[in-house]
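Structure, as structure tokens:
Residue numbers (the numbering used here): 1 to 250.
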């Protein structure tokens with residue numbers, strides 16, 4: 001659900017003049033928000049140093065957004081979404097044009113996640129890209145996040161030990177017990193193909209996306225649906241017969 005919400009936010013952002021980097025960061029923020037919801041990232045007003053006298057729930061959403069923006073700026077999102085948000089599509093699946101010297105913004109090389117972006121361009125009308133946020137629990141990144149280093153003992157075995165490194169900043173933000181529940185799970189990524197329009201985008205992917213849609217199809221329900229219950233995903237062909245043919249012709 002958190003990854004789907006990241007898709008929703010990005011779909012709403014996309015239009016000419018918007019930075020693809022900003023879209024990626026917005027996706028990271030929604031992924032982190034989902035981790036707050038399941039307790040992996042504990043959040044209270046005190047997380048921002050707010051007064052303990054402040055009424056519970058007062059401006060909670062504003063405070064949470066501020067907290068999450070801080071974590072995104074510090075780079076925590078890259079531990080859970082280490083890949084770039086998406087890529088251009090054209091003659092090739094991963095098309096050229098993401099970085100053009102002296103024309104497009106330069107590649108960002110100093111930060112996880114962003115350095116894996118296949119483009120940092122400002123969106124233009126008629127660009128076609130994928131939107132593919134994800135949330136992963138990759139062992140070596142989770143170990144790094146928790147400050148676990150691996151050293152060889154005198155028998156030649158690799159042994160974990162607690163250590164302090166660049167991720168020490170984040171260890172206070174993570175509930176290691178809650179995180180442990182997701183170790184070994186792998187991850188989730190949703191990939192849709194969109195085209196930028198003059199005032200937004202059109203989504204050409206018509207797969208089941210919401211939990212209700214997935215459960216409906218998994219239980220033998222018909223697809224495509226007769227009503228679009230998630231219009232914010234902008235699936236322009238969802239209710240058409242062509243959607244059904246494209247989905248089941250693979």
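A virtual CB, placed ideally from N, CA and C, is assigned to each residue, including glycine.
The three-state reading of DSSP puts residue 77 in helix, counting H, G and I together. Check the Cα spacing between residue 132 and each of 188, 106 and 140: the tightest is with 188. Burial of residue 87 is indicated by the presence of at least 16 other C-beta atoms within 10 angstroms of its C-beta.
Judged by DSSP secondary structure, residue 23 falls within the alpha helix (DSSP H) whose first and last residues are 20-37.
Close CB contacts of residue 79 within its chain, under the 6 Å cut and outside five residues either way in sequence, are with 141 and 145 (chain order). It is roughly 10 Å from the alpha-carbon of residue 10 to the alpha-carbon of residue 85.
Per DSSP, reduced to three states, the secondary structure at residue 12 is helical. Nearest Cα to residue 125 within the set 26, 217, 210 and 202: 202. With distances taken between CA atoms, residue 27 lies nearest to 73 out of 73, 143 and 206. Counting along the chain, the unbroken beta strand (DSSP E) around residue 203 starts and ends at 201-203.
In the assembly as shown, residue 240 is an exposed residue. Its beta-carbon has fewer than 16 other beta-carbons within 10 Å. Of the residues 137, 213, 218 and 119, the one whose Cα lies closest to the Cα of residue 178 is 137. Take residue 211, set aside five residues on each side of it, and no residue of its chain has a beta-carbon closer than 6 Å to its own.
Each residue's CA atom was taken as its position, placing residue 112 and residue 120 some 14 Å apart. Residue nearest to residue 208 within the set 200, 197 and 220 is 220 (criterion: CA-CA distance). The shortest C-alpha to C-alpha distance from residue 96 to any of 34, 128 and 206 is the one to 128. Under the three-state reduction of DSSP output, residue 134 falls in the strand class.
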